[in-house]
Amino acid sequence: MNRRFLAALGGAVLALSLAACSGEGAGGGSSTGDEKPSSLTIGVSMPTQTSERWIADGNSVKEKLQAKGYKVDLQYANDDIPTQSQQVDQMITQGADVLIIAAIDGTALSSQLQAAADAKIPVISYDRLIRDSKNVDFYVSFDNYKVGVAQGTALLVGLGLLNKDGSKGSAKGPFNIELFAGSLDDNNTHFFFNGAMDTLKPFLDDGTIVVKSRQTKIEQVATLRWQQETAQKRMEDLLTSSYNDGAKVGGVLSPYDGISRGIITALQNAGYGPAANPLPVVTGQDAEIASVKLINDGVQNSTVFKDTRLLAEQAVLAAEAFLQDKEPTANDTKTYDNGVKVVPSYLLPVETVYKDDIKQSLIDSGYYTAAEVAAGQAK
Ligand code: BGC
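Numbering (my numbering), first residue to last: 1 to 379.
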């Protein structure tokens with residue numbers, strides 16, 4: 001029997017008694033749309049606190065849900081897959097009414113999601129798509145392919161091959177570049193890399209840019225768990241293996257600010273930085289404060305800003321819709337096939353931030369203060 005139909009029939013008593021018949025106990029995905037927010041708990045599972053963005057995401061989601069009166073169980077999993085599985089298991093047994101999950105490994109939560117479905121708990125996949133499960137009810141994210149396009153474009157703009165308006169730039173090349181990607185178990189990694197490579201392809205094809213190491217496959221350039229140290233080590237190895245003939249690195253495609261800082265450290269340690277040996281163009285993502293300072297100081301080229309406040313807002317709207325026994329509003333029902341089904345999604349736009357954009361995009365919007373940018377540290 002359709003729960004929404006029952007809810008429409010109105011009588012809380014009727015709805016409750018039928019819910020009891022169908023085995024849906026109180027507090028455990030049993031919301032009929034009638035409960036007070038204060039009797040409902042939303043489980044929020046975030047991957048790690050080592051990156052600023054997930055702390056900001058967790059805080060924003062929590063604050064926005066609490067402002068509406070809901071209870072929130074927010075957990076971070078230290079980038080450890082068993083920890084995240086356990087935390088989600090616990091949210092289910094403790095009677096969460098909705099789950100919002102940013103997965104560490106997009107394929108590792110199938111049994112948790114089955115348990116959630118059995119308990120009638122709607123699951124919202126947050127930022128990263130959970131794969132290989134039919135039990136993902138909604139996806140909130142950014143346009144991840146466009147993140148990659150923005151990174152590829154920023155690399156070309158930084159090299160002078162394109163102007164910011166997309167027209168042809170004055171530089172001729174050829175330039176040596178190197179490629180980095182994120183963690184292969186994160187669905188987003190593939191969207192970012194594909195978007196970037198589609199953008200770079202014509203320039204690679206005609207030899208204007210050259211990947212000197214010849215490492216161009218995603219498996220060769222990936223960075224497990226998006227770790228800065230791993231990226232630093234790979235950049236060091238690339239400098240030793242492919243640039244010991246005196247050739248210079250002109251640009252590095254980096255998918256995330258933490259990785260960008262690892263790359264920049266390796267390059268600086270190898271003597272890049274002074275005017276006579278300038279740093280290559282290095283891209284990024286997330287507008288992490290340490291990288292925004294580097295962009296402001298002319299060290300890192302750019303970042304892709306994704307306003308996590310807006311993402312949190314969409315997650316909260318989706319959770320609230322499910323709690324009121326409605327479907328959340330999707331703006332994309334085609335792109336995100338998780339291997340089992342196409343998950344209805346709400347995708348937000350992204351923005352490239354070069355040095356000139358910091359004030360308008362990040363300071364005027366209240367994301368950071370000017371003092372935080374100058375210090376490279378958020379309060
Ligand atoms: C997110 C990025 C983030 C990366 C590393 C991705 O799934 O979409 O914003 O940079 O994970 O945390």
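Positions of the beta carbon are idealized from the N, C-alpha and C atoms, including for glycine.
Roughly how many angstroms separate the alpha carbons of E229 and I92, rounded to a whole number?
Along the sequence shown, one-based indexing puts residue 229 at 229. Along the sequence shown, one-based indexing puts residue 92 at 92. Whole-angstrom Cα-Cα distance: 35 Å.
Is the number of C-beta pairs between the region 256–266 and the region 310–317 that are closer than 8 Å three or more?
Contact fails: fewer than three Cβ-Cβ distances are below 8 Å.
Within 10 Å of its beta-carbon, does R214 have 16 or more other beta-carbons around it, so buried, or fewer, so exposed?
Translated into the one-based positions of the sequence shown, residue 214 becomes position 214. R214 should be labelled exposed.
State the start and end residues of the unbroken beta strand (DSSP E) segment that holds I218.
Position 218 of the sequence shown, counted from the first residue, corresponds to residue 218. That residue, I218, is in no beta strand (DSSP E); its alpha helix (DSSP H) goes I218 to V221.
Got a sec: does ligand 3 put a non-hydrogen atom nearer than 8 Å to the Cβ of S302?
What this structure holds is ligand 1, not ligand 3.
S125 to F192, Cα distance in whole Å?
By 1-based counting over the sequence shown, the position of residue 125 is 125. By 1-based counting over the sequence shown, the position of residue 192 is 192. For S125 and F192, the distance between alpha carbons rounds to 18 Å.
Among A378, E236 and Q285, which residue has its Cα nearest to the Cα of G182?
Indexing the sequence shown from 1 puts residue 182 at position 182. When only C-alpha atoms are compared, the closest one is Q285.
Given a cut-off of 9 Å on the beta-carbon distance, is the pair V72 and I101 in contact?
For this step, residue 72 is matched to residue 72 along the sequence shown. For this step, residue 101 is matched to residue 101 along the sequence shown. No; because the gap between Cβ atoms is not below 9 Å, this pair is not in contact.
Are the beta-carbon atoms belonging to L179 and V149 less than 9 Å from one another?
The sequence position of residue 179 within the sequence shown is 179, counting from 1. The sequence position of residue 149 within the sequence shown is 149, counting from 1. In this structure, V149 does not lie closer than 9 Å to L179 by Cβ.
A96 to T329, Cα distance in whole Å?
Within the sequence shown, the letter at position 96 stands for residue 96. Within the sequence shown, the letter at position 329 stands for residue 329. The straight-line gap from Cα to Cα measures roughly 22 Å.
May I ask you to report which of helix, strand or coil DSSP gives D73?
As a position in the sequence shown, residue 73 is number 73, starting the count at 1. Strand.
Give me the DSSP bridge partner(s) of I81.
For the purposes of this step, residue 81 is identified with residue 81 of the sequence shown, where counting begins at 1. Paired residue(s): none; I81 is not in a bridge.
Determine the contact status of V340 and K134, defining contact as a CB-CB distance below 9 Å.
Locating residue 340 in the sequence shown gives position 340, where the first residue counts as 1. Locating residue 134 in the sequence shown gives position 134, where the first residue counts as 1. Taking 9 Å as the Cβ cut-off, V340 and K134 qualify as a contacting pair.
Can you list, in chain order, the residues of its chain with a C-beta nearer than 6 Å to that of Y272? Leave out the 5 residues immediately preceding and following it.
Start at 1 with the first residue of the sequence shown, and residue 272 comes out as number 272. The answer, listed in chain order, is L279.
Is the beta carbon of Q151 less than 9 Å from the beta carbon of A290?
Taking the first residue of the sequence shown as position 1, residue 151 is located at position 151. Taking the first residue of the sequence shown as position 1, residue 290 is located at position 290. Going by C-beta atoms, Q151 is not nearer than 9 Å to A290.
Please name the residue or residues paired with D337 in a DSSP beta bridge.
In the sequence shown, residue 337 corresponds to position 337, counting from 1. Partner(s): V342.
Nearest to A103 by CA position, among D34, D185, F142 and S260, is which residue?
Position 103 of the sequence shown, counted from the first residue, corresponds to residue 103. The candidate whose alpha carbon is nearest that of A103 is D185.
Return helix, strand or coil for K355, following the three-state DSSP convention.
Translated into positions along the sequence shown, residue 355 becomes position 355. In the structure shown, K355 sits in a helix (DSSP, three-state: H, G or I).
Where DSSP assigns a beta bridge to I100, which residues make up the other side?
Locating residue 100 in the sequence shown gives position 100, counting from the first residue. DSSP output for I100 lists V44 and I124 as bridge partner(s).
In this structure, how does DSSP classify F402 when only helix, strand and coil are distinguished?
This structure leaves residue 402 out entirely; the chain is present only between 1 and 379.
Am I right that Y336 and L65 are in contact with their C-beta atoms under 8 Å? What's the rounded C-beta distance?
Position 336 of the sequence shown, counted from the start, is the residue given in the question as residue 336. Position 65 of the sequence shown, counted from the start, is the residue given in the question as residue 65. Rounded, the Cβ-Cβ distance is 24 Å, inconsistent with contact.
May I ask you to list the residues that DSSP assigns as paired with L347?
Stepping through the sequence shown from its first residue, residue 347 is reached at position 347. S141, per the DSSP bridge assignment.
Taking all protein chains shown into account, do 16 or more other C-beta atoms lie within 10 angstroms of the C-beta of N118, making it buried, or fewer, making it exposed?
As a working note, residue 118 is residue 118 in the sequence shown. With the sequence shown as reference, residue 118 is identified as Asp, and Asn is not the correct amino acid for it. Exposed: under 16 other Cβ atoms inside 10 Å.
Considering only heavy atoms of ligand 1, does any lie closer than 8 Å to the CB of G381?
Since the first residue of the chain shown is 1 and the last is 379, residue 381 is not available in this structure.
Does the Cβ of Y139 lie closer than 8 Å to at least one heavy atom of ligand 1?
Counting from one through the sequence shown, the residue named residue 139 turns up at place 139. Not under cutoff, so the answer is no.
To which residues of the same chain is T107 closer than 6 Å at the C-beta, ignoring the five residues directly before and after it?
The sequence position of residue 107 within the sequence shown is 107, counting from 1. These residues qualify, in order along the chain: R131 and D132.
Can you tell me whether K36 is helix, strand or coil according to DSSP?
Counting from 1 along the sequence shown, the entry for residue 36 is found at position 36. K36 falls in the coil class under three-state DSSP.
Comparing the CB of F193 with every heavy atom of ligand 1, is any distance shorter than 8 Å?
As a working mapping, residue 193 is identified with position 193 in the sequence shown. Not under cutoff, so the answer is no.
Any heavy atom of ligand 1 closer than 8 Å to the beta-carbon of S51?
Taking the sequence shown and counting its residues from 1, one reaches residue 51 at position 51. Answer for S51: yes, Cβ within range of ligand 1.
Spatial neighbours of K62 within its chain, please: C-beta separation below 6 Å, excluding the five flanking residues on both sides.
As a first step, residue 62 must be located in the sequence shown, where it is residue number 62. Answer for K62: V72 and L74, listed in chain order.
Using the DSSP secondary-structure output, state which residues sit across from T303 in a beta bridge.
Translated into positions along the sequence shown, residue 303 becomes position 303. DSSP, once it has assigned bridges, lists V353 as partnering T303.
Looking at ligand 1, does it come within less than 8 Å of T199, judged from the CB to the closest heavy atom?
The residue given as residue 199 occupies position 199 in the sequence shown. It does not: the Cβ of T199 is nowhere closer than 8 Å to a heavy atom of ligand 1.
Hey, is Y256 close to ligand 1, as in C-beta under 8 Å from one of its heavy atoms?
Translated into positions along the sequence shown, residue 256 becomes position 256. Yes, the beta carbon of Y256 sits closer than 8 Å to at least one heavy atom of ligand 1.
Once DSSP output is grouped into helix, strand and coil, what is the label at V13?
Translated into the one-based positions of the sequence shown, residue 13 becomes position 13. At V13, the pLDDT of 38 sits below 50, so the modelled position is not reliable; the number obtained from the coordinates is stated separately. In this structure, V13 counts as helix in the three-state DSSP scheme.
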